[in-house]
Amino acid sequence: MSDATISSAYSQILEVIGSVEPRIADATRQELADQRSSLKLIASENYASPAVLLTMGSWFSDKYAEGTVGHRFYAGCQNVDTVEAVAAEHARELFGAPYAYVQPHSGIDANLVAYWSILAHKVEGPWLQKFGAKNVNELSEQEWETLRAEFGHQRLLGMSLDAGGHLTHGFRPNISGKMFHQQQYGTDPETGLLDYDALRDKAREFQPLVLVAGYSAYPRRIDFAKMREIADEVGAVLMVDMAHFAGLVAGKVFTGDEDPVPHAHITTTTTHKSLRGPRGGMVLAQEEFAGDVDRGCPMVLGGPLSHMMAAKAVALAEARTDAFRTYAQSVADNAKSLAEGFLSRGATLVTGGTDNHLVLLDVTSFGITGRQAESALLDAGIVTNRNSVPADPNGAWYTSGVRLGTPALTTRGFGHDEFDRVAELIVDVLQNTAPGTTKAGGPSKASYTLEDGVADRVKDASADMLERHPLYPGLDLA
Ligand code: DSN
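Its first residue numbered 0, the sequence shown is counted upward by one per residue in numbering that gives the first Met the number 0.
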C-alpha cells in the first residue's frame, strides 16, 4: 500500500470518527503527534505496522465466536474460523509449538488460561478419574468439595516482582498469589543474576505444581533447559511467560537453551511488545495441554476478539520474515549499546549490563527516586517507566530504578550511535534533577526540580534523531 493511500485512509477514518465524537478524533491525532515527537523507551511498548493497525479496525469486532475453530457456540463464524486458524498456524510454525491458542486478550489473560489449564490437567483430570466421573457436573457434593479443596492446595514458584518477575507470577496481591500457595525466587544479591542452584534448592523444598520462568524487568537471558531440568526433578509443570522477549524468540536471537518453547510445557506471551503486533496474548502448549488450553474461553476469557486475532495473524506473518529477524537482532544489539552508553558515563545498571532488550538503571547514585527520574525524563520528552530494583528500599511505587527498552526506537531505525546518544541525554537529565520537598518541608520521593534549560536542550537533541528516523514515514494526516 502506498504512503498516499495510507494517509488518505487514516484521514478519512478520522473524519468519520470526528463527525461523531471530535474529542476522540483529536486525541487520536494528538497521540500520533506525541509518539512521533518523544523518545519511547518503555520496554514493553513498540510501534505496530500500518497493516496490523488497519486490521484491528474492522467489523470482525461485531462478531461473537465463543468456542474454538469449527466448534462454536454461535452460528455464522466461518470467517472467524479462518482468522483464528491462520493466526494459530503462523504461531505454531513461527515458534515451533505443537499447539497455539490465540484468543487471550492480554498477557494476564494468557497466564490465567495457562494456570487453569495446568490445574485442569494435573488436578481436575486425575480426580475425576478417581471418582469415575466425566466432568464436574457428575460429582456428588462431597466429591466436589474434595476437588475444590485439592485446587486450594496447589503450589506455584515464580520470580519475585523486585527481581524482575511479573505480578502474575505469584505476587501475593495478584490473583496468582491467591489461587496458589506461592513462594518466590529472587536473584543473587551480589550479582543480580538468577542463581539456578538456589532456585533448585527452593524448588526441592517447596515442591511446586507450577514453576514459572520469565520476567518483565530482568535484563538477562534465561537457560530454559536448566529450568526444565529443575521442574522435572520436582515433578513441576514448567510455564514460561515470554511476553517481553517473544520478538527475540521469533527473530531467532534466543535459540537452543534460550528458546523457551521446546523446553516449557506451556509458554505464554503478549503479542504487542518485542513481537510488534496488536495488543493481546497467546498460549503455546505441548500437545498434552491443548484440550485444556482450548477451554480458556469461557473459563476465564470473554468471547474472542476476532478483529484482534486477525491483527495477530498479520503481525505473526510479518514476524516470519527475514526483515523481522534483522530487527530482533538489532533490538538486542541496541540494548548493549544503550547499556555501554550508561556504563561509560558512570551510571549503575542492575546486573551490570544486558543481553536482552532492556536495561534496568539504578538511579540511587543520582540521589533521586525512580519516580522523580521518570517524571524529569518525561519533561525532557523521554518516555520511560520507573521500576523496582532488587530489594528496593523505595518499594514498588516510588522505586529506585528506571526500566528502558529498545524495541520501539529500533523499529524507528535507531542504531548504535543513537542509543549511545540516548544514554547521554538520560544521564544529562538525571544529573540535573534534584529531589524536592513535601508540603510540610520534608524530603519527598515524588517532587523534584529539573535545572532550567535542560528539558529544552534534551528535546532539541532528540528532535534531530527523531526527524532522521520518522515514525510511520509518509503517513500525513490531513
Ligand atoms: N505492563 C507490562 C510491562 O510493562 O512489562 C507487563 O504487564
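Even for Gly, the Cβ is constructed at its ideal location relative to N, Cα and C.
Residue i beta carbon near the ligand DSN (any heavy atom closer than 8 Å)
i: residue 242; result: yes
i: residue 384; result: yes
i: residue 165; result: yes
i: residue 221; result: no
i: residue 41; result: yes
i: residue 334; result: no
i: residue 407; result: no
i: residue 107; result: yes
i: residue 215; result: yes
i: residue 272; result: yes
N- and C-terminal bounds of the alpha helix (DSSP H) containing residue i
i: residue 455; result: 453-467
i: residue 415; result: 415-430
i: residue 326; result: 321-342
i: residue 195; result: 195-205
i: residue 397; result: 394-397
i: residue 310; result: 305-318
i: residue 96; result: That residue, residue 96, is in no alpha helix (DSSP H); it is neither H nor E in DSSP.
i: residue 58; result: Note, residue 58: premise wrong, no alpha helix (DSSP H); not H, not E.
i: residue 296; result: 295-298
i: residue 17; result: 2-19
i: residue 231; result: 223-233
i: residue 474; result: Segment: none, residue 474 is in no alpha helix (DSSP H) and carries neither H nor E.
i: residue 129; result: 124-130
Neighbourhood of residue i by C-beta, 6 Å cutoff - its chain only, sequence neighbours within 5 removed
i: residue 364; result: 347
i: residue 162; result: 185, 186, 389
i: residue 54; result: 309, 310, 313
i: residue 257; result: 220
i: residue 278; result: 271
i: residue 117; result: 209, 236
i: residue 285; result: 97, 264
i: residue 91; result: 99
Residue i - containing beta strand (DSSP E), residue span
i: residue 484; result: Residue 484 falls outside the range modelled here, since the chain spans only 0 to 477, and no answer is possible.
i: residue 402; result: 400-404
i: residue 444; result: 442-449
Buried/exposed call for residue i, threshold 16 Cβ in 10 Å
i: residue 251; result: exposed
i: residue 109; result: buried
i: residue 85; result: buried
i: residue 444; result: buried
i: residue 3; result: exposed
i: residue 190; result: exposed
i: residue 18; result: exposed
i: residue 60; result: exposed
i: residue 461; result: buried
i: residue 275; result: buried
i: residue 451; result: exposed
i: residue 201; result: buried
i: residue 413; result: buried
i: residue 22; result: exposed
i: residue 472; result: exposed
i: residue 366; result: exposed
i: residue 73; result: exposed
i: residue 240; result: buried
i: residue 266; result: buried
Bridge partner(s) assigned by DSSP for residue i
i: residue 265; result: 238, 284
i: residue 39; result: 382
i: residue 347; result: 361
i: residue 111; result: Beta-bridge pairing links residue 111 to no other residue.
i: residue 180; result: 154
i: residue 248; result: The partner list for residue 248 (beta bridge, DSSP) is empty, contrary to what the question assumes.
i: residue 70; result: 67
i: residue 434; result: 447
i: residue 186; result: 193
Cβ neighbours of residue i in the same chain (closer than 7 Å, five flanking residues each side left out)
i: residue 442; result: 434, 436
i: residue 261; result: 95
i: residue 244; result: 253, 273, 355, 356
i: residue 247; result: 253, 273, 327, 330, 331, 355, 356
i: residue 80; result: 68, 69
i: residue 336; result: 415, 418, 419
Contacts around residue i, its chain only, beta-carbon distance under 8 Å, and the 5 residues preceding and following it disregarded
i: residue 399; result: 361, 362, 363, 368, 369, 387, 388, 391, 392, 393
i: residue 122; result: 146, 149, 150, 153, 208
i: residue 133; result: 127
i: residue 408; result: 38, 39, 40, 333, 417, 418, 421, 468
i: residue 232; result: 199, 202, 203
i: residue 457; result: 379, 380, 381, 424, 427, 428
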